[in-house]
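Inspection log for the structure reproduced underneath, given as structure tokens.
Protein chains in written order, with the numbering used here: chain A, 1344 to 1615; chain B, 4 to 299.
Here's what the structure looks like:
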């Protein structure tokens, strides 16, 4: 079937309208002159000025970005190691427990993860702040990284690694020279996933943050509880723009990398 | 040596920051509330040796769990969480299936773009997506303005701060989780099966019901679990879109902890929530395994 039937056209149009109209309304009304969010009173960018001058937002944004960078990097290292161990590690003591601990956080309600980590931090006397948020975010996002990376590891040809070992590579060299370049796109998307999970998280951060560190979602949540405000609309629009640019860039980059990998494989097949 | 190190680091990390915290929750759920820092008793005092440990265990009891059964707030909250999760999962399926179907039948060159359009909202902040609906559903909101303008209604509808708003919010934010697994099972389907069914005398609707739906069942099941499991413990949506009548257990746990500062009861709520989730999680795991084996 090359053409869409009317039914499919209607369902796709309505579906995507449902997904995107709320965002579009939010963006349009961030340029509203009036403080009354629901009444249009003319075009203005003053709310963007207000966001940029709001120190509380800026401080929180800076904390959020630092937490996201550190926790997603740690999560990528730990998650990739965990995926490698699960897919290539063979049998070892407590493997079932290990894979259970990788999958359980994916479906764990955030309120439970947050509560349990907070009780741990209090139990060992760790002051709540940036460090505790980083530890919490690393823990749950490493599991997501591990799932993404292991799905790539499962599909790739293990004989490539064996060939490298036969040709005299040490296991570490084989990983660095053969495995890592092949799974790189999955590792990068794992990092991006961990990064956005951390940027986005409200519940776990609320439990594990202290008075010294407030993240942007915590700030937005406490502002939003009081109702809709044009300043929050402007802030949301900035965040949507950043994410959209990021996702589109990332998908173009990985697409190009995959095309190049395909070409390399084809070229290699021809020279054989 | 290297291998042991590679295994040990993530293993120890998860033991320390995932498993141990659980046992702490379990322990505190068996403790008593106390006006002190930390606000529960007993605390484990290892300096007294064996006597201290024995003393510690003898003071643990199930009082908080008894309390959960006696105050019907908790019962109602658990039941209504499950109910809201089931209803909103069905609604998400009804909204998501036609979209996934349309995507799978779209021209091949459109599909990556359509996929991207489904995934993009998933990358944008959950909080912002829920917030966007507050402006739409409020009494002076855009939906009411639109309906009043068209003359369909003459007085504004109250939607925000009701369960209806919660359903809309859940369907909206969890839609990608439903669409993607269904799309992936529909996309793999061999279209000639439909043609065969029609040749053999099925009407289009019959072919859809007898061939397409059964073949997309793994996707439907996966999508339903992916929506239902996290929704049961949802906190953000009921607290922003729901009203005082919206009882959900995630919200109760949050309030028990942050407003009432009753850590033992909050921990007991968490333990019971986990017990409720074990059944769907195990079923989901089994479904995924079966599917993985079928693909081999």
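We put the CB at the ideal spot given by N, CA and C, even for glycine.
These figures come from a predicted structure and were not determined experimentally.
The C-beta distance from residue 273 of chain B to residue 1455 of chain A rounds to 5 Å, short enough to meet the 8 Å contact threshold.
Taking the Cα positions, residue 1581 of chain A is about 16 Å away from residue 1402 of chain A. Counting the other Cβ atoms within 10 Å of the Cβ of residue 106 of chain B gives 16 or more, which makes it buried. Contact of residue 148 of chain B with chain A is assigned, a C-beta pair being separated by under 8 Å. Judged by DSSP in its simplified three-state form, residue 166 of chain B adopts helix. Interface with chain B (8 Å Cβ-Cβ cutoff): residue 1574 of chain A is excluded. Excluding residues up to 5 positions away in sequence, 1374 lie with their Cβ nearer than 6 Å to the Cβ of residue 1386 of chain A in the same chain.
Each residue's CA atom was taken as its position, placing residue 76 of chain B and residue 1549 of chain A some 24 Å apart.
Taken in chain order, the whole alpha helix (DSSP H) runs of length 4 or more contained in the region 69-120 of chain B are 75-108. Collapsing the DSSP output to three states places residue 290 of chain B in a helix. Residue-level contact by beta carbon fails for residue 1555 of chain A and chain B, as no gap is shorter than 8 Å. As for any alpha helix (DSSP H) of minimum length 4 sitting wholly inside the region 202-260 of chain B, the runs are 207-210, 220-235 and 239-244, ordered along the chain. Exclusion of the five residues before and after residue 1469 of chain A leaves 1475 as the residues of its chain whose Cβ lies within less than 7 Å of its Cβ.
Taking 9 Å as the Cβ-Cβ cut-off, the region 1581-1598 of chain A approaches chain B at 1582, 1583, 1586, 1587, 1589, 1590, 1591, 1594 and 1598, given in chain order. For residue 150 of chain B and residue 231 of chain B, the gap between their C-alpha atoms comes out near 31 Å. Closest option to residue 1371 of chain A, judged by alpha-carbon separation, among B/100, B/84, B/92 and B/139: B/139. Listed by position along chain B, the residues whose Cβ is nearer than 7 Å to that of residue 1478 of chain A are 20. With a beta-carbon spacing of about 15 Å, residue 1517 of chain A and residue 1527 of chain A fall beyond the 8 Å limit used to define contacts. Counting C-beta pairs with one atom in each stretch, the region 1577-1594 of chain A and the region 1412-1423 of chain A have fewer than three that are closer than 8 Å, which means they do not touch.
The C-alpha of residue 1368 of chain A lies about 17 Å from the C-alpha of residue 163 of chain B.
Taking C-beta separations shorter than 7 Å and ignoring five residues to either side along the sequence, the partners of residue 83 of chain B in its chain run 250 and 251, following chain order.
For residue 1488 of chain A, none of the residues of chain B pass the 9 Å Cβ criterion, the least Cβ distance being about 10 Å. Beta-bridge partners of residue 1386 of chain A (DSSP): A/1375. Sorting A/1596, A/1557 and A/1570 by C-alpha distance to the C-alpha of residue 1404 of chain A places A/1557 at the top. Residues of chain B whose Cβ lies closer than 7 Å to the Cβ of residue 1359 of chain A are, in chain order, 120. Our two residues, residue 1458 of chain A and residue 255 of chain B, have alpha carbons roughly 13 Å apart in a direct line. Counting of Cβ neighbours within 10 angstroms places residue 1544 of chain A among the buried residues, the total reaching 16 or more. The distance from the Cβ of residue 33 of chain B to that of residue 74 of chain B is about 18 Å, inconsistent with a contact at the 8 Å cut-off.
Assigned with DSSP and collapsed to three states, residue 265 of chain B falls in coil, not helix or strand. Here residue 244 of chain B is not near residue 98 of chain B, since their CB atoms are 8 Å or more apart. Taking a Cβ-Cβ cut-off of 7 Å, the neighbours of residue 24 of chain B in chain A comprise 1459, 1460, 1462 and 1463, given in sequence order.
With a threshold of 8 Å between beta carbons, residue 1448 of chain A makes contact with chain B. Contact fails between the region 118-128 of chain B and the region 269-288 of chain B, because fewer than three Cβ pairs, one in each stretch, are under 8 Å apart. Pairing residue 1389 of chain A with residue 1575 of chain A, the inter-Cα distance amounts to about 12 Å. If you draw a 10 Å sphere on the C-beta of residue 1378 of chain A, you find fewer than 16 other C-beta atoms in it, and that means exposed. Of the other Cβ atoms in all chains shown, 16 or more fall within 10 Å of the Cβ of residue 260 of chain B; this residue is therefore buried.
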